[in-house]
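Please read the structure below before turning to the comments.
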Amino acid sequence: MKKYGGLIKKAVGASLLIGLGDYVLIKIGLPIGPFLFAFGLLGVCVLKQNLFTGKCGFIFEDKIPMVEISLILLANLVGGYLIGMIFGMADPEIASVAATKVMGWEFSVPFLIKSVMCGVIMYLAVKIYREGSKLGILLGVPLFIFCGFQHCIANVITMGMAWIFDWSIVLAVVGNFVGSIVMWWLSSDFKFSR
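Following the working numbering, the numbering of the sequence shown begins with 1 at its first residue and continues without gaps.
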């Protein structure tokens, strides 16, 4: 486990940056909040932090072992929840807003579809960043928020702010992963062979 220490540290760092974005989104809301949230993902990419939703679409391209992507996810979820709890303690007003938001989530097919679409956008935003432009992040993040799409790490941070757990997080994780992989597959030369 010692060799994964740096990987886990960078995953917690990513959770903190996404937490800052989620905090400002909940604090000031629409229409400015989604644009400021993009600062968090931009920080993740610039500082080369480990964010599950920014990495999972690249597991084949970057040859990321499943144990590493699993550890990144676990560290993002645990770190994100704890960071959310700290924000909730520091600002009881956002804890109340976060609780209302979490209560609106459902373990449902529409929620899963919204999670898949967020995965598609996250893959594209990071891919565009890797190609040398920040526009993917600066436009992609507000896009998924305005559309009501579900980002698993932002969601777990919101749950932490509210001191609530909701099983919809499972759908968000699966949907983000599937959306990222599908977008990668549709845009790659990869072919399934027998």
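Glycine residues also receive a C-beta, built at the ideal position from the N, C-alpha and C atoms.
Everything numeric in this text was worked out from a predicted model, so none of it was measured.
- Taken in chain order, the unbroken stretches of alpha helix (DSSP H) that lie wholly in the stretch 130–159 and span 4 residues or more are 135–146.
- Per DSSP, reduced to three states, the secondary structure at S115 is helical.
- For P110, the secondary structure class from DSSP, reduced to helix, strand or coil, is helix.
- Within a 10 Å sphere around the beta-carbon of C56 sit 16 or more other beta-carbons, which makes this residue buried.
- Under the three-pair Cβ rule at 8 Å, the stretch 13–20 counts as touching the stretch 39–54.
- Closest in C-alpha terms to F58, from the list M161, G79 and A125, comes A125.
- Cα atoms of I113 and M122: separation of roughly 14 Å, rounded to the nearest angstrom.
- Judged by DSSP secondary structure, F177 falls within the alpha helix (DSSP H) whose first and last residues are S168 to S187.
- Contact annotation, G160 with L47: C-beta distance approximately 22 Å; criterion of less than 8 Å not satisfied.
- If you compare the alpha carbons of E106, S180 and G80 with that of M117, the shortest gap goes to S180.
- Residues of the same chain with their beta carbon placed closer than 7 Å to that of P110 are lacking, with the five preceding and five following residues left out of the count.
- The beta carbon of G84 is closer than 6 Å to those of I157, G160 and M161 in its chain, skipping five residues each way along the sequence.
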